[in-house]
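If you read the protein sequences in the order shown, they are chains P and B.
Numbering of the first sequence is given in this note's numbering, commencing with residue 1 and proceeding in unit increments.
Numbering of the second sequence is given in this note's numbering, commencing with residue 1 and proceeding in unit increments.
One structure is given here, and the rest of the page talks about it.
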Amino acid sequence: MSTNRKFVVSMTLLFILWIITAFISIFSGTYSIGPLEAISNLDELSRTIFFQIRIPRVLMATIAGGTLALAGAALQALFRNSLASPFTLGISGGASLGALLAIRSGLAVGVLGFSMVSISAFVFSILTMLFVYTISKVGGVVATGRLLLAGVVANFLYASIVMFIQFFSTFTESLQTMRWIMGSLDVVGFDTVWKTLIFVIPGCAILLSLTKDMNLFGLGDDVASSLGVNVRRMEKKIYFATSLAAGAVISVTGPIGFVGLIIPHILRMLLGVDNRIILPSSFLLGATFLTAADTLSRTIISPVEIPVGIITASIGGVFFLWLLIRTKKEIII
Amino acid sequence: MEAIINCTDIGFSYNGTSVLNGINLSIQPGNMLGILGANGAGKSTLLKILCGVLKPKSGKALFNDQELSKMDRREIAKGIAYIPQDPMFAFPFTVREVVLMGRAPYIGRFEFEREEDNEIAKNALKTVGISHLKDRLINEVSSGERQLASIARGLVQEPGIMILDEPATYLDVKHRTEVMNILRHLKENKGISIIAATHDIFSSLFYFDDIMILKDGNILAEGRTDQIINSEILSLAYGIEVVVKKENGRVFVFPNQ
């Protein structure tokens with residue numbers, strides 16, 4: 001199949017899959033609202049739940065899952081390593097700390113419509129990425145071991161600071177932080193959705209505009225450059241755009257792990273490694289995956305709602321283990 | 001005839017250490033130039049300057065009378081193909097996909113390859129003789145086949161000149177001959193100029209029209225191949241005594257130890 005056709009077919013199928021998942025998700029939950037009710041007459045309570053909670057929440061799951069998976073795929077291209085993701089590189093940890101620091105220092109205010117929490121998360125993401133990139137690059141090539149260790153180091157470092165802050169927090173504050181770190185899509189109304197989108201749309205657009213260059217980058221710096229790519233500028237754009245988009249998402253949802261790792265992996269197994277297909281399809285499948293995980297988190301032991309981060313991390317953990325076992329036999333793709 | 005590449009007084013240094021000094025080089029269309037020299041003589045650096053990947057610290061490198069460092073990268077890519085010594089393949093693209101990447105300078109940011117591009121890639125695969133490998137993953141074929149795929153990738157750029165860094169060093173004698181024959185074929189039938197760095201003195205004799213020998217970043221000797229390949233020059237270039245013997249029209253090169 002030509003690349004062009006493969007793109008159209010896979011994107012169409014994934015889009016349909018997302019529509020179905022989102023549809024199911026909107027009508028699932030402790031409080032029962034049927035599709036027929038929704039288009040006819042909803043009472044006040046149902047209307048609030050449907051329009052102020054269910055729909056924003058599905059949108060948030062879509063944005064968060066899509067962005068994290070897309071960012072994961074972009075980072076894998078940048079680090080030329082398929083174990084890179086916002087989570088494994090410590091970027092999620094950095095963004096969480098940045099967001100937490102902003103919240104605790106009373107910066108949880110908007111400046112010209114931009115959330116300071118998101119901006120702080122962005123700054124910490126980009127710093128972490130530079131740290132990990134510098135540490136893991138040996139003689140111009142990213143070493144897998146160093147990459148993962150640098151991510152672990154960053155995560156530990158941030159965790160220690162978060163614990164330090166936790167230690168001096170009140171019980172309520174501490175519990176709030178705990179919940180947030182577990183990863184949750186608990187948003188009310190569209191305000192948060194819009195505020196996240198301000199960062200996510202330009203971030204994702206930049207990454208999607210670089211997919212062709214990312215392919216060439218996989219042939220090495222010199223070949224990419226000889227084929228017309230400004231390699232240094234491309235790297236900077238990826239840093240900036242992933243930090244912007246993933247930072248904004250994580251500042252709202254907390255560090256939802258493994259989406260950025262699993263989704264591009266599965267898609268590469270199914271569709272090959274062309275980033276022009278992998279990046280956009282990662283967005284769609286990531287969106288679908290997180291929407292489904294969130295639906296599960298709301299219904300599995302209803303009326304209790306488990307943080308969605310627990311679901312993604314448990315699926316992701318098993319997946320990661322499977323990858324490790326599989327890679328005993330072959331090189332990690 | 002106009003030179004396709006013309007360099008004057010090229011100098012380069014890495015972190016203050018001088019790597020190239022006062023290099024002058026020009027190559028005519030449809031010519032094949034071999035660059036010899038010991039490891040660290042500056043061959044790879046020179047090649048990267050010639051294809052616009054590195055900017056010279058001094059001097060000028062011209063491609064069709066335009067200064068490379070001032071040209072648009074994509075425009076350069078339509079005229080010059082670069083094939084490195086040990087190409088990286090970070091992701092398991094298929095051989096066909098790798099070859100198609102050579103069409104990148106002709107394709108817009110949000111475009112996919114057109115039918116025409118697929119056709120060009122198909123022909124390139126055929127020219128280098130690896131059509132049967134098109135759907136195999138690049139990291140699952142042999143290093144010789146990978147090298148051929150890289151050459152095909154360079155070919156679809158439709159370049160006027162191909163610059164190769166030790167295209168045959170890691171290959172066995174069969175693949176080495178195959179690669180060199182293909183390069184000669186490209187020169188003779190498509191008029192593509194070739195510049196290649198090599199350690200293979202022996203095959204240099206058969207394939208290159210001209211030879212340039214670098215030593216410590218300077219040109220030690222340059223000229224027609226049969227005039228350059230002699231004991232005196234090679235001994236100087238490599239720092240050990242090299243014997244060049246001509247017998248019944250055949251040439252033998254070996255270290256005298």
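C-beta atoms are modelled at their ideal positions from N, C-alpha and C, and glycine is treated no differently.
Subject >> Backbone secondary structure at asparagine 248 of chain B - three-state DSSP >> reply: Coil at asparagine 248 of chain B, not helix or strand.
Subject >> Residues, ordered as in the chain, of the stretch 102 to 123 of chain B that lie near chain P by beta-carbon distance below 9 Å >> reply: Flagged, chain order: Gly102, Ala104, Pro105, Ile107, Gly108, Arg109, Phe110, Glu111, Phe112, Glu113, Arg114, Glu115, Asn118.
Original post:
Grouping DSSP H, G and I as helix and E and B as strand, with all else coil, what is phenylalanine 278 of chain B?
Top reply: Outside the displayed range of chain B (1 to 257) lies residue 278 of chain B, so it cannot be described from this structure.
**OP:** Within the same chain, show all residues whose beta-carbon is closer than 6 Å to that of glycine 247 of chain P, passing over the 5 residues directly before and after it, in chain order.
**Re:** Cβ neighbours of glycine 247 of chain P within its own chain (closer than 6 Å, five residues either side excluded): Ala95, Ala121, Phe122, Ser125.
**OP:** Figure out for me which residue from B:Ile138, B:Ala168, B:Ile201 has the closest Cα to the Cα of proline 92 of chain B.
**Re:** The option with the nearest alpha carbon to proline 92 of chain B is B:Ile138.
Original post:
Does the separation of the CB atoms of glycine 93 of chain P and isoleucine 263 of chain P fall below 9 Å?
Top reply: In this structure, isoleucine 263 of chain P does not lie closer than 9 Å to glycine 93 of chain P by Cβ.
Original post:
Cβ of alanine 77 of chain P less than 9 Å from any chain B Cβ?
Top reply: At least one chain B Cβ lies under 9 Å of alanine 77 of chain P.
Original post:
In angstroms, rounded to a whole number, what distance separates the CA positions of arginine 73 of chain B and serine 314 of chain P?
Top reply: One C-alpha to the other measures close to 46 Å.
**OP:** Starting from tyrosine 82 of chain B, find everything on chain P with Cβ-Cβ shorter than 9 Å and list it in chain order.
**Re:** For tyrosine 82 of chain B, the neighbours in chain P by C-beta distance under 9 Å run, in chain order, Asp222, Val223, Ser225, Ser226, Leu227.
Original post:
Is the Cβ-Cβ distance between leucine 62 of chain B and asparagine 21 of chain B less than 9 Å?
Top reply: No; because the gap between Cβ atoms is not below 9 Å, this pair is not in contact.
Original post:
What span of residues does the alpha helix (DSSP H) with alanine 196 of chain B cover, start to end?
Top reply: That residue, alanine 196 of chain B, is in no alpha helix (DSSP H); its beta strand (DSSP E) goes 193 to 197.
**OP:** Kindly indicate if chain B contains any beta-carbon less than 9 Å away from that of arginine 326 of chain P.
**Re:** No, no contact with chain B.
**OP:** Could you tell me whether the stretch 190 to 207 of chain B touches the stretch 17 to 33 of chain B, where touching means 3 or more Cβ pairs closer than 8 Å?
**Re:** Contact annotation: the stretch 190 to 207 of chain B touches the stretch 17 to 33 of chain B, with at least three C-beta pairs closer than 8 Å.
**OP:** If I'm right that arginine 298 of chain P touches serine 28 of chain P with Cβ under 8 Å, what's the distance once you round it to whole angstroms?
**Re:** With a contact defined as Cβ atoms closer than 8 Å, arginine 298 of chain P and serine 28 of chain P qualify at about 7 Å.
Original post:
In terms of alpha-carbon separation, which member of P:Leu13, P:Thr88, P:Leu296 lies closest to glycine 145 of chain P?
Top reply: If we check each option's Cα against that of glycine 145 of chain P, P:Thr88 comes out closest.
Original post:
At a Cβ cut of 9 Å, what residues of the stretch 195 to 213 of chain P count as close to chain B, listed as they run along the chain?
Top reply: Cβ contacts with chain B: Leu208, Ser209, Leu210, Thr211, Lys212, Asp213.
Original post:
Where does tyrosine 170 of chain B sit, in a helix, a strand or coil, going by DSSP?
Top reply: Three-state DSSP puts tyrosine 170 of chain B in coil, outside helix and strand.
**OP:** Please confirm if the stretch 166 to 178 of chain B is in contact with the stretch 79 to 87 of chain B, defined as three or more CB-CB distances below 8 Å between the two stretches.
**Re:** Short answer: they touch.
Subject >> Close Cβ partners of leucine 36 of chain B (< 7 Å) along its chain, the five nearest in sequence each way excluded >> reply: Cβ within range, chain order: Thr198, Ile201, Ser204, Ile211, Ile213, Ala237.
**OP:** Say whether chain P places a C-beta atom closer than 9 Å to the C-beta of lysine 48 of chain B.
**Re:** Closer than 9 Å to some Cβ of chain P, the Cβ of lysine 48 of chain B qualifies, so yes.
**OP:** Pull up the distance between the alpha-carbon of glycine 228 of chain P and that of valine 153 of chain P, whole angstroms please.
**Re:** C-alpha of glycine 228 of chain P to C-alpha of valine 153 of chain P: approximately 36 Å in a straight line.
Original post:
Going along chain P in order, which residues have a C-beta closer than 8 Å to the C-beta of methionine 71 of chain B?
Top reply: For methionine 71 of chain B, no chain P residue has a C-beta closer than 8 Å to its own C-beta; the minimum C-beta separation is roughly 11 Å.
Original post:
Looking at the C-beta of arginine 232 of chain P, does it have a partner C-beta in chain B at a distance below 9 Å?
Top reply: Answer no: the Cβ-Cβ gap between arginine 232 of chain P and chain B never drops below 9 Å.
Subject >> Members of the stretch 88 to 99 of chain B near chain P, C-beta cut-off 9 Å >> reply: For the stretch 88 to 99 of chain B, the beta-carbon criterion of a distance under 9 Å to any beta-carbon of chain P is satisfied by Met88, Phe89, Ala90, Phe91, Pro92, Phe93, Thr94, Glu97, Val98.
Subject >> Residue range of the unbroken beta strand (DSSP E) whose run includes phenylalanine 12 of chain B >> reply: In the DSSP assignment, phenylalanine 12 of chain B falls within the unbroken beta strand (DSSP E) covering 5 to 14.
Original post:
Closest Cβ-Cβ distance between cysteine 7 of chain B and chain P: below 9 Å?
Top reply: Cysteine 7 of chain B does not count as touching chain P.
Subject >> 8 Å Cβ cut-off: residues of chain B touching glycine 218 of chain P >> reply: Proximity of chain B to glycine 218 of chain P at the Cβ level (cut-off 8 Å) is accounted for by Met88, Phe89, Ala90, Phe91, Phe93, in chain order.
Subject >> Amino acids of chain B, ordered along the chain, whose beta-carbon sits closer than 7 Å to that of arginine 47 of chain P >> reply: Within chain B, no residue comes near arginine 47 of chain P; the closest Cβ sits about 41 Å away, beyond 7 Å.
**OP:** Report yes or no: is there a C-beta of chain P within less than 9 Å of the C-beta of glutamine 157 of chain B?
**Re:** For glutamine 157 of chain B, the answer is yes, since a Cβ of chain P falls inside 9 Å of its Cβ.
Original post:
Quick one: Cα of leucine 279 of chain P to Cα of methionine 269 of chain P, how far?
Top reply: When rounded, the distance between both Cα atoms is 14 Å.
**OP:** Measure from the alpha carbon of serine 209 of chain P to the alpha carbon of each residue in B:Lys122, B:Leu164, B:Ala81, B:Phe110, then state which is nearest.
**Re:** Comparing C-alpha distances from serine 209 of chain P to each of B:Lys122, B:Leu164, B:Ala81, B:Phe110 shows the shortest one belongs to B:Phe110.
Original post:
Which bits of chain P does arginine 74 of chain B rub up against, with CB to CB less than 7 Å?
Top reply: Identification of chain P residues near arginine 74 of chain B by a Cβ-Cβ cut-off of 7 Å yields Gly228, ordered along the chain.
**OP:** Whole angstroms is fine: what's the gap from isoleucine 80 of chain B's alpha carbon to arginine 250 of chain B's?
**Re:** Straight across, the Cα-Cα distance linking isoleucine 80 of chain B with arginine 250 of chain B is about 34 Å.
Original post:
Interface residues of chain B around isoleucine 273 of chain P at Cβ under 7 Å?
Top reply: Here residue 273 of chain P is valine; the residue named in the question, isoleucine, does not match the sequence. The contacting residues are Phe91, Pro92, Phe93.
Original post:
To which residues does DSSP link aspartate 165 of chain B through a beta bridge?
Top reply: DSSP output for aspartate 165 of chain B lists B:Ala197 as bridge partner(s).
**OP:** Name the one or two DSSP bridge partners that proline 56 of chain B has.
**Re:** In the DSSP assignment, proline 56 of chain B is bridged to no other residue.
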